[in-house]
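Heads up: the structure comes next, in structure tokens.
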Amino acid sequence: MKDLLGVLGGMGPLASQLFYKLLTERTDAERDQDHIPLLLLSDTEMPDRTSAILSGDTERVRERMRADLRFLEESGCRAVAVTCNTAHFFVDMVAPELHIPVLHMVRLAAEEAAARSAGERVAILATRGTIRTGLYQRELEARGVPVYLPPEEVQALVDLEIYQRIKRGRRADMAAWGAIEAAARAAGCALAILGCTELSCIRDQEGLGPYHLDPMEVLAERAIRFMGRPLRPKAEG
């Protein structure tokens, strides 16, 4: 098969499932054949990205990322979407070696945040690995958007939601989530970026409102347009 969308997932599996759901729901289709043909590589054995970044031992993840992206390219994919924010640190290392584009979730989300925030402060809710790399900080600051990084006590709550709740197949702790959101609002943030795909799962499960910008939804919309499919309007309310 040719003319596929490549999706590199498995980091974690629920996020890959959600991305496919978003692609399906947001494509304005009337029959199976109207949807995007895609190849999903769910690499659940990819080493933990945050641990690699924090330890400085990045070689194993980089090499596996290179192998996965090349596999998708060689399988006939026109472009690749990676359903993990932290993974984009490694994607940036190997993307120049590819002959197909990577639909860059972090960059696309920063563009959307800049358009929606009107120059006001934006919160980055993400893994410690993503925060350490500065992925979102660089993209937002390049667009003139001031950023808010959670203080340690709030970051600990973000970690709890990602690693102790969603990655373990449990629903979010909504009391903890309320404290996270309250801290971002108190800091004067116009919106909060859900800069970890486990947080995207919370948005889907709990129906979080428009204060939360979901990079996975932004990525799905861009992928649909890139693949030449019409985008279904969002339902009102």
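For the sequence shown, the working numbering assigns the number 1110 to the initial residue and increments by one for each residue that follows. Think of the CB as a built atom: it goes at the ideal place given N, C-alpha and C, for glycine as much as any other residue.
For residue i, the three-state DSSP class (helix, strand or coil)
i: Arg1341; result: coil
i: Tyr1257; result: strand
i: Ser1184; result: coil
i: Arg1140; result: coil
i: Leu1150; result: strand
i: His1197; result: helix
i: Thr1238; result: First, the residue type needs correcting, since residue 1238 is Gly and not Thr in the sequence shown. Note: Gly1238 maps to helix in three-state DSSP.
i: Ala1190; result: strand
i: Leu1113; result: strand
i: Leu1266; result: helix
i: Leu1207; result: coil
i: Thr1167; result: coil
Close-in-space but distant-in-sequence residues of the same chain around residue i (CB under 6 Å, 5 per side omitted)
i: Pro1255; result: Arg1230
i: Tyr1129; result: none
i: Leu1147; result: Leu1113, Leu1114, Val1116
i: His1321; result: Ala1301, Leu1303, Arg1312
i: Asp1152; result: Gly1119, Asp1177
i: Val1327; result: Leu1217, Ala1218, Glu1221
i: Ala1204; result: Val1211
i: Ala1299; result: Ser1226, Glu1229
7 Å CB neighbourhood of residue i in its chain, flanking five on each side removed
i: Leu1340; result: Arg1135, Asp1137, Glu1330, Ile1333, Arg1334
i: Leu1131; result: Met1325, Glu1326, Ala1329
i: Met1283; result: Glu1315
i: Leu1181; result: Gly1115, Leu1117, Leu1148, Leu1150, Val1189
Candidates the options, of which the one nearest residue i by Cα
i: Ala1176; options: Pro1324, Ile1145, Leu1117; result: Leu1117
i: Gln1264; options: Ala1293, Lys1276, Arg1280; result: Ala1293
i: Pro1296; options: Gln1314, Tyr1257, Leu1131, Gly1185; result: Note that residue 1296 is Ala in the sequence shown here, rather than Pro. Nearest option by C-alpha distance: Tyr1257.
i: Leu1207; options: Glu1220, Ala1190, Leu1178, Leu1234; result: Leu1178
i: Ala1291; options: Leu1266, Leu1328, Pro1146, Cys1310; result: Leu1266
i: Pro1319; options: Ala1222, Ile1240, Arg1140; result: Ala1222
i: Leu1303; options: Glu1139, Leu1317, Pro1324; result: Pro1324
i: Glu1248; options: Thr1236, Ala1218, Arg1241; result: Ala1218
i: Arg1241; options: Gln1273, Asp1282, Ala1196, Met1174; result: Ala1196
i: Met1110; options: Val1215, Thr1239, Gly1185; result: Gly1185
i: Thr1236; options: Arg1158, Asp1152, Cys1298; result: Arg1158
i: Leu1163; options: Lys1343, Thr1239, Ala1344, Cys1298; result: Thr1239
i: Glu1262; options: Ala1204, Ala1285, Arg1274, Cys1298; result: Ala1285
i: Pro1259; options: Met1283, Ala1288, Gln1142, Gly1253; result: Ala1288
i: Leu1356; options: Glu1183, Gln1273, Asp1268; result: The question about residue 1356 has no answer here: the residues shown for the chain are numbered 1110 through 1346.
Cutoff 8 Å; reference residue i; Cβ partners in own chain excluding five residues on either side
i: Pro1156; result: Arg1169, Val1170, Arg1173
i: Ala1124; result: Gly1118, Thr1192, Cys1193, Thr1306, Glu1307, Ser1309, Cys1310, Met1325
i: Val1215; result: Asn1194, His1197, Leu1244, Tyr1245, Glu1248, Gly1304, Pro1324
i: Gly1346; result: Residue confidence for Gly1346 is low, a pLDDT of 45 falling below 50, so the modelled location carries little weight; the figure read from the coordinates is stated next. So no residue of the chain qualifies.
i: Ile1271; result: Thr1236, Cys1305, Glu1307, Leu1308
i: Gln1314; result: Arg1280, Ala1281
Quiz item: Between the region 1224-1239 and the region 1199-1207, are three or more C-beta pairs nearer than 8 Å?
Solution: The way I'd put it, the region 1224-1239 doesn't touch the region 1199-1207; fewer than three beta-carbon pairs between them come closer than 8 Å.
Quiz item: Which runs of the alpha helix (DSSP H) fall wholly inside the region 1272-1318 and span at least 4 residues, in chain order?
Solution: 1283-1295, 1306-1315
Quiz prompt | Sufficient close CB pairs (3 or more, under 8 Å) joining the region 1277-1292 to the region 1209-1216 | solution = no
Quiz prompt | Inside the region 1211-1236 only - alpha helix (DSSP H) runs reaching at least 4 residues | solution = Within the region 1211-1236, the complete alpha helix (DSSP H) segments of 4 residues or longer fall at 1214-1226, listed in chain order.
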